[in-house]
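Have a look at the structure below, then the notes.
6 protein chains.
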Amino acid sequence: MSTPTPDEFAVERARLNELVLEKGTKTTKRFFNLDGAAYRDGELDARTKELLGLVASAVLRCDDCILYHLMQARDAGWSAAQLREALDVALVVGGSIVIPHLRRAYGQLERLYPADGAGA
Amino acid sequence: MSTPTPDEFAVERARLNELVLEKGTKTTKRFFNLDGAAYRDGELDARTKELLGLVASAVLRCDDCILYHLMQARDAGWSAAQLREALDVALVVGGSIVIPHLRRAYGQLERLYPADGAGA
Amino acid sequence: MSTPTPDEFAVERARLNELVLEKGTKTTKRFFNLDGAAYRDGELDARTKELLGLVASAVLRCDDCILYHLMQARDAGWSAAQLREALDVALVVGGSIVIPHLRRAYGQLERLYPADGAGA
Amino acid sequence: MSTPTPDEFAVERARLNELVLEKGTKTTKRFFNLDGAAYRDGELDARTKELLGLVASAVLRCDDCILYHLMQARDAGWSAAQLREALDVALVVGGSIVIPHLRRAYGQLERLYPADGAGA
Amino acid sequence: MSTPTPDEFAVERARLNELVLEKGTKTTKRFFNLDGAAYRDGELDARTKELLGLVASAVLRCDDCILYHLMQARDAGWSAAQLREALDVALVVGGSIVIPHLRRAYGQLERLYPADGAGA
Amino acid sequence: MSTPTPDEFAVERARLNELVLEKGTKTTKRFFNLDGAAYRDGELDARTKELLGLVASAVLRCDDCILYHLMQARDAGWSAAQLREALDVALVVGGSIVIPHLRRAYGQLERLYPADGAGA
Chain A
1 MSTPTPDEFA VERARLNELV LEKGTKTTKR FFNLDGAAYR DGELDARTKE
51 LLGLVASAVL RCDDCILYHL MQARDAGWSA AQLREALDVA LVVGGSIVIP
101 HLRRAYGQLE RLYPADGAGA
Chain B
1001 MSTPTPDEFA VERARLNELV LEKGTKTTKR FFNLDGAAYR DGELDARTKE
1051 LLGLVASAVL RCDDCILYHL MQARDAGWSA AQLREALDVA LVVGGSIVIP
1101 HLRRAYGQLE RLYPADGAGA
Chain C
2001 MSTPTPDEFA VERARLNELV LEKGTKTTKR FFNLDGAAYR DGELDARTKE
2051 LLGLVASAVL RCDDCILYHL MQARDAGWSA AQLREALDVA LVVGGSIVIP
2101 HLRRAYGQLE RLYPADGAGA
Chain D
3001 MSTPTPDEFA VERARLNELV LEKGTKTTKR FFNLDGAAYR DGELDARTKE
3051 LLGLVASAVL RCDDCILYHL MQARDAGWSA AQLREALDVA LVVGGSIVIP
3101 HLRRAYGQLE RLYPADGAGA
Chain E
4001 MSTPTPDEFA VERARLNELV LEKGTKTTKR FFNLDGAAYR DGELDARTKE
4051 LLGLVASAVL RCDDCILYHL MQARDAGWSA AQLREALDVA LVVGGSIVIP
4101 HLRRAYGQLE RLYPADGAGA
Chain F
5001 MSTPTPDEFA VERARLNELV LEKGTKTTKR FFNLDGAAYR DGELDARTKE
5051 LLGLVASAVL RCDDCILYHL MQARDAGWSA AQLREALDVA LVVGGSIVIP
5101 HLRRAYGQLE RLYPADGAGA
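Residue numbers (my numbering), protein chains in the order written: chain A, 1 to 120; chain B, 1001 to 1120; chain C, 2001 to 2120; chain D, 3001 to 3120; chain E, 4001 to 4120; chain F, 5001 to 5120.
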């Protein structure tokens, strides 16, 4: 039941992404580029888009995607408390089936925000 | 293939919500209250949470939910162009299966933002 | 936004099922038979299985399936109030994205249980 | 409960796609281009890819997507009987929740293959 | 590919739930309370509601949720044979994509009902 | 984060399938038989149906199902490059939420096609 740490996840993700981009078709590569482009500054800032990606990942119940967006959102300056509120929207929209992912997300937030005190 | 206008949707939604709250159990009512609470100002502002609700609704492919959050997001001051960018995140996360809902959302944006010019 | 009445639905469903069973492969027919068999009395009674089918349909957000199982469950002797409680489980498990389907289900319950008073 | 005919669907789809491509962001347009590219001849032929798109649409339960791919698959030379077998895979993978979509797909096949006799 | 035993799962679940309830918002806590309330005796008995939760979890393909409800359902007095029939409904509604979860559920049933003989 | 090798998966799958078929109801057994039948030669050849099963599994995001169909598709004579193109359709239809499964599928393709060179 152990989940990967953010660092373990990042290493494995990079290794496999490299494989996908080496072996993948032009369509694959274009999708990966587009996936990056969708989160850049535009009419909405990149920072807000990371929250959108996090909530989309949570209601679709994808642990890898949730962890990735938690890391991106932290780097974009969101606090742990703000991310927990974003996850609340996912919980209410997606229902109790989201809870196992929420639990693991809270576990990852402890790792990503080591100085985050109780109730913060 | 006609979709309801925002006004038609709002009337029907209100009528059925009244029925749900009249006949529903205490659990039903508590869920509806909680659903409202999740979008209020907190660590994140209510305005941002509407965007989160919109993207969650779009990747889960619920037309009624998308229309509701488009209306809420407009009332919260987001521009049509900003909502289209939020929908881009949903499109990339959720894939081409989202496109029929995206099409209908664009149709509703025309109704919700009548003064919105081409490319705005 | 009008939803079919239970009678309209039953007629259209029968018409198309006939087409499926006329044109479908042996695999199609076997699936339809198996679908019937899964709801028969066994270690669990058929009556309970209708509730299971209803909740499965609701969390998977299929209006036709929900209406079908509401009709079957009524014929199996469940009260409207009992079906609303079953739908509560679906609401909590599946989240607010289930609400549009819940609203329509409540509308159908009014039609299926015309003598069902307020709060019943 | 009436479903659009293939022609009505094609007209409405074209009208809204035009709106999406007029108002959409560069990301939106890139996604639409990529969506087209994924179905072109490559290591697999375009004809096979249409079947893949059909089955993906059916298990994800998107009527518009199913109808679109039925039309594309017919134009690519698949028979109604072949498309019904492809839908069988979707039925078995996706379960009885796919049945309402299967029913509507069979209705559309009658329109798309008017000369298709019983059991063909 | 090893799955946690019911005891390992219960320990990890309790540890993370504690974290969620310590750090979560008021919305989070209210959702968790409501999740508990939805399964209490009412018009339907708690025992039946556990079956509903199990089937909802299985069609939504959440291993943690399935295991949790298997444990609850056993404690509520359902036999392994009855739970296997409930899972049949999930299998037929949800399709072959449910099978990997069904397999793991059968593995957990062996652990939860050690005295359950062949064919029981 | 380690994923099972194809051999480890096959052993565990066989072990649990045996348990399901020993303990399962007649409905369970009939479903398993039907699942096999849906992939046999008919109007479409078995080889094409494996591709359909792969894409259905990928958009529904089931790693076990993806690996199973990758193995079946390899045995049916598809090349790694062809399977990557089939996965492209799943990626575009299902969106970036499919990417973690795509990554793991690429990892499995390395194992299943050890002689498959870069860009093949």
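Ideal Cβ positions, reconstructed from N, Cα and C, are used throughout, including at glycine.
Everything numeric in this text was worked out from a predicted model, so none of it was measured.
Query: Pull up the distance between the alpha-carbon of residue 3013 of chain D and that of residue 3036 of chain D, whole angstroms please.; Result: 15 Å
Query: Determine whether the Cβ of residue 3008 of chain D lies closer than 7 Å to any Cβ atom of chain C.; Result: no
Query: Is it buried or exposed for residue 3052 of chain D, if we count other Cβ within 10 angstroms and need 16 for buried?; Result: buried
Query: Apart from the five residues just before and just after residue 4113 of chain E, which ones in its own chain have a Cβ nearer than 6 Å to its Cβ?; Result: 4080
Query: Out of curiosity, what's the CA-to-CA distance linking residue 3046 of chain D and residue 24 of chain A?; Result: 18 Å
Query: Going by the CB atoms, is the gap between residue 5095 of chain F and residue 1055 of chain B shorter than 7 Å?; Result: no
Query: Looking at the structure shown, is residue 3112 of chain D part of a helix, part of a strand, or coil, going by DSSP?; Result: helix
Query: State the DSSP-derived secondary structure class of residue 5045 of chain F, mapped to helix, strand or coil.; Result: coil
Query: With H, G and I counted as helix, E and B as strand and the rest as coil, what does DSSP make of residue 5073 of chain F?; Result: helix
Query: Between the segment 1023 to 1044 of chain B and chain C, which residues of the former have CB atoms less than 7 Å from a CB of the latter, in chain order?; Result: 1023, 1024, 1025, 1027, 1028, 1031, 1035
Query: Taking CB distances under 7 Å as the criterion, tell me whether residue 5119 of chain F reaches chain C.; Result: Any reading at residue 5119 of chain F is ruled out, since the residue's pLDDT is 44, under 50, leaving its predicted position unreliable.
Query: Does the Cβ of residue 1050 of chain B have 16 or more other Cβ atoms within 10 Å, making it buried, or fewer, making it exposed?; Result: buried
Query: Counting only the same chain and skipping the five closest in sequence on each side, list residues whose C-beta sits under 6 Å from that of residue 5071 of chain F.; Result: 5006
Query: What do you get for residue 57 of chain A, buried or exposed, if any count of 16 or more other CB atoms within 10 angstroms of its CB means buried?; Result: buried
Query: Could you tell me whether the Cβ of residue 85 of chain A comes closer than 7 Å to any Cβ of chain B?; Result: yes
Query: For residue 38 of chain A, which of helix, strand or coil comes out of DSSP?; Result: coil
Query: For the candidate residues D:3003, D:3020, D:3048, whose alpha-carbon lies nearest to that of residue 3075 of chain D?; Result: D:3048
Query: Along the chain, where does the alpha helix (DSSP H) containing residue 4060 of chain E start, and where does it finish?; Result: Element bounds for residue 4060 of chain E: n/a, residue is neither H nor E.
Query: Since residue 100 of chain A contacts residue 4065 of chain E with CB under 8 Å, what's their CB separation in whole angstroms?; Result: 7 Å
Query: Under 7 Å between beta-carbons, which chain A residues line up against residue 5088 of chain F? List them in chain order, please.; Result: 25, 27, 28
Query: Identify each residue in the segment 2068 to 2082 of chain C for which the Cβ-Cβ distance to at least one residue of chain E is less than 8 Å, and report them in chain order.; Result: 2079, 2081, 2082
Query: Can you give the beta carbon distance from residue 3089 of chain D to residue 5038 of chain F, rounded, assuming they're within the 8 Å contact cut?; Result: 5 Å
Query: Quick check: is the beta carbon of residue 5014 of chain F nearer than 7 Å to any beta carbon in chain D?; Result: no
Query: Given this structure, state the Cα-to-Cα distance separating residue 3067 of chain D from residue 3106 of chain D, to the nearest angstrom.; Result: 10 Å
Query: If you follow the alpha helix (DSSP H) that residue 6 of chain A is part of, which residue opens it and which one closes it?; Result: 6 to 23
Query: Starting from the Cα of residue 2104 of chain C, find the closest Cα among B:1040, B:1002, B:1019 and give me that residue.; Result: B:1019
Query: Would residue 3091 of chain D and residue 3102 of chain D qualify as a contact pair, given that the criterion is a beta-carbon distance under 7 Å?; Result: yes
Query: Using a Cβ cut-off of 7 Å, pull out every chain A residue sitting near residue 1020 of chain B, in sequence order please.; Result: Result: empty, since nearest Cβ-Cβ is about 16 Å, beyond 7 Å.
Query: Is the Cβ of residue 52 of chain A closer than 7 Å to any Cβ of chain B?; Result: yes
Query: On a Cα-Cα basis, can you pick out the residue from A:32, A:73, A:8, A:84 that is closest to residue 4029 of chain E?; Result: A:84
Query: Under 8 Å between beta-carbons, which chain B residues line up against residue 92 of chain A? List them in chain order, please.; Result: 1034, 1035, 1038
Query: Return the first residue and the last residue of the alpha helix (DSSP H) that residue 95 of chain A is part of.; Result: Neither: residue 95 of chain A is in no alpha helix (DSSP H) and is coded neither H nor E.
Query: Suppose you measure from the CA of residue 1034 of chain B to the CA of residue 3032 of chain D; what does that come to, to the nearest Å?; Result: 37 Å
Query: What is the DSSP secondary structure of residue 2003 of chain C, counted as helix, strand or coil?; Result: coil
Query: Considering only the alpha carbon of each residue, which of A:2, A:26, A:115 lies closest to residue 3040 of chain D?; Result: A:26
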